[in-house]
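Visitor: Residue numbering for the sequence shown follows UniProt numbering, beginning at 1 and increasing consecutively.
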Amino acid sequence: MLEHLQNPIFPVFILIIVLMIGYASYRAEILPGFIFFLFASMGAFLQITGIGQIGLFRAFLTPVLVAILVAIRIRERQRLPFFYWSLILLYMFIVYISGTLNGIPFANYRGDVGMLLLAMLVSLAPVKESTYRYFMLSVALWGLINMGAVMSGWMGLNIFGSYGSLFNEGGRAVGLMRHSTMMGIYFAISVIAAQVLFYQAMTRFGKIIWFIAGSLLFLGLLSSLSRGALAGWLVGFLFIQYKLRGMSMRAVLGITLTGAILVGVASFIGLGEEVAGRFTDMDEDISAQARIPLIISSFETWAESPVLGRGVGWKDKSLHLQSHNTYFQVLVESGAVGFIAFMTLMWVGLRGVFKRLKPSKKNTEGIVIYNTGIAAMLITILLDGLTHSFDFVLPYWILLGFGFML
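1. Cα-Cα, which of 201, 194, 85, 200 is closest to residue 221?
2. Return the chain-ordered list of same chain residues with a C-beta closer than 7 Å to the C-beta of residue 136, the five sequence neighbours on each side being excluded.
3. Cα-Cα, which of 113, 383, 212, 395 is closest to residue 233?
4. Taking one C-beta from the region 62-82 and one from the region 100-111 each time, how about it: are there three or more such pairs within less than 8 Å?
5. Quick one: Cα of residue 325 to Cα of residue 94, how far?
6. If you run the structure through DSSP and keep just helix, strand and coil, what is residue 342?
7. Find the nearest neighbour of residue 339 within the set 61, 356, 307, 185, judged by alpha-carbon distance.
8. Please name the residue, chosen from 260, 189, 244, that lies closest to residue 229 on a Cα-to-Cα basis.
9. Just to confirm before moving on: does the CB-CB distance between residue 404 and residue 109 stay below 8 Å?
10. Could you give the residue range of the alpha helix (DSSP H) that holds residue 241?
11. In the structure shown, what three-state DSSP assignment does residue 104 receive?
12. Over what stretch of residues does the alpha helix (DSSP H) that includes residue 381 continue unbroken?
13. Less than 8 Å between the CB atoms is what I'm expecting for residue 394 and residue 353, so what's the real figure, rounded?
14. Between residue 150 and residue 183, is the Cβ-Cβ spacing less than 8 Å?
15. Considering just the uninterrupted stretch of the alpha helix (DSSP H) at residue 80, what are its terminal residues?
16. Here's the rule: buried if 16 or more other CB atoms are within 10 angstroms of the residue's CB, otherwise exposed. What is residue 333?
17. Identify, in the order they occur along the chain, each residue of the same chain with its Cβ nearer than 8 Å to the Cβ of residue 357, setting aside the five sequence neighbours on each side.
18. Distance, Cα to Cα, residue 133 vs residue 208?
19. Give every residue of the same chain whose Cβ lies closer than 7 Å to the Cβ of residue 131, excluding the five residues on either side of it in the sequence, and list them in chain order.
20. Pick out whichever of 223, 240, 238 has its Cα sitting closest to the Cα of residue 262.
21. Give the DSSP-derived three-state secondary structure of residue 309 in the structure shown.
22. Count the other C-beta atoms from every protein chain shown that fall within 10 angstroms of the C-beta of residue 115, then say buried if there are 16 or more, exposed otherwise.
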């Protein structure tokens, strides 16, 4: 902590954060977008400035924001989502018991607990069209910033000065993840956010702006070279088309043509071979070949402790499991009890999102469009989890929190 205080940027950073917390507490509708952009971008900012680690600030800020918003709701005599919170706390308790029985220190899984707290925090936001709009804007903005950073690394442009190493191939860009798959998930949900904003734009100029933004983000998704995220985005896009436009042939042909043009642009700027190689050289992809043996291995590992698992954060085979399947990872680490709690939590959250997609609603209604986008983002992440682990990736729990709103 003394090193932090000696950093001249630290007090300014704390002042800005305190002011932003105050404003976010006053206008709760900006809260989901605020915490997404803050936590998704803070890791690189702290690394660049040398202030410290993101976990410490997230561990402090999340409970503080939850406490402030709970106090505001109690003062205004508003309901609290106790049922949803009880499910989250139950899963937290199972994770804690599993870790304790396996001798795993809390430090190994405190980040996972922090992500669960984010779902509780988002559930306190009001169900307003502006809440969704601010969130979509923050996701799209984050994606555009990272698109520029990652693409500059691929093209060999050191536009970020001495910190260019943060943004090159395999770097963490402006966000949390080093792995291209994780970056791919972030880009995929950013593209979906831009698509939803495109549908919601009321002016021709606005539609053009968001169409361009979505196209740029798609290039960023290609540059991340994540097959799973790209496939997840495709399913998410088809879901949007089906819910909002009835899967019109015109819309599908339009996005197909746009995709073809963007792939051509990617080839022009030097991404062609890398992108094509991810789909044509799968026979040489050691990671892809290893998936089936790892699934078999995960069942064998789970059989050693089937009820409460090996504990979140165990080190023996966690690296392999975390790289290949979210759901087997949860089963191995939390056991059958934790897996049931996890899937129940996921089902309840998804149900909360889908219940706002009633057929009687008009497609032009903002809440319907935005919840369609939230559902498509969740579909993207959950499908990618079949071949990779999102490792409690930040947007999953924030998005699930939308399903817990009252």
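All C-beta atoms in this analysis are idealised placements derived from N, C-alpha and C, irrespective of residue type, glycine included.
Guide: To lay it out plainly:
1. Looking only at 201, 194, 85, 200, the smallest Cα-Cα distance to residue 221 is reached by 194.
2. Cβ neighbours of residue 136 beyond the five flanking positions: 193, 196, 197, 370, 373.
3. By alpha-carbon distance to residue 233, the top candidate from 113, 383, 212, 395 is 383.
4. Taking 8 Å as the limit for Cβ pairs, the verdict is that the region 100-111 does not touch the region 62-82.
5. Cα-Cα distance, rounded: 20 Å.
6. Three-state DSSP puts residue 342 in a helix.
7. For residue 339, the closest alpha carbon among the candidates 61, 356, 307, 185 is that of 307.
8. Of the listed residues, the one whose Cα sits closest to residue 229 is 189.
9. No, the Cβ-Cβ distance between residue 404 and residue 109 is not below 8 Å.
10. Annotation: the continuous alpha helix (DSSP H) that includes residue 241 extends over 227-245.
11. Looking at residue 104 - three-state DSSP - the assignment turns out to be coil, as it is neither helix nor strand.
12. Secondary structure note for residue 381: its alpha helix (DSSP H) is the uninterrupted segment 366-384.
13. Not quite, the Cβ-Cβ distance comes to about 17 Å (not below 8 Å), so this is no contact.
14. For residue 150 and residue 183, yes; Cβs fall inside 8 Å.
15. Taken as a continuous stretch (DSSP letters only), residue 80 belongs to no alpha helix (DSSP H), as it is neither H nor E.
16. Taking a 10 Å sphere around the C-beta of residue 333, we find 16 or more other C-beta atoms and assign the residue as buried.
17. If we look at residue 357 and ignore the five residues flanking it on each side, its Cβ neighbours are 243, 368, 371, 372, 375.
18. Take the alpha-carbon of residue 133 and the one of residue 208: they are about 18 Å apart.
19. Short of 7 Å from the beta carbon of residue 131, and not among the five residues preceding or following it, lie these beta carbons of its own chain, in chain order: 29, 32, 125.
20. The shortest Cα separation from residue 262 among 223, 240, 238 belongs to 223.
21. Coil.
22. Buried: at least 16 other Cβ atoms inside 10 Å.
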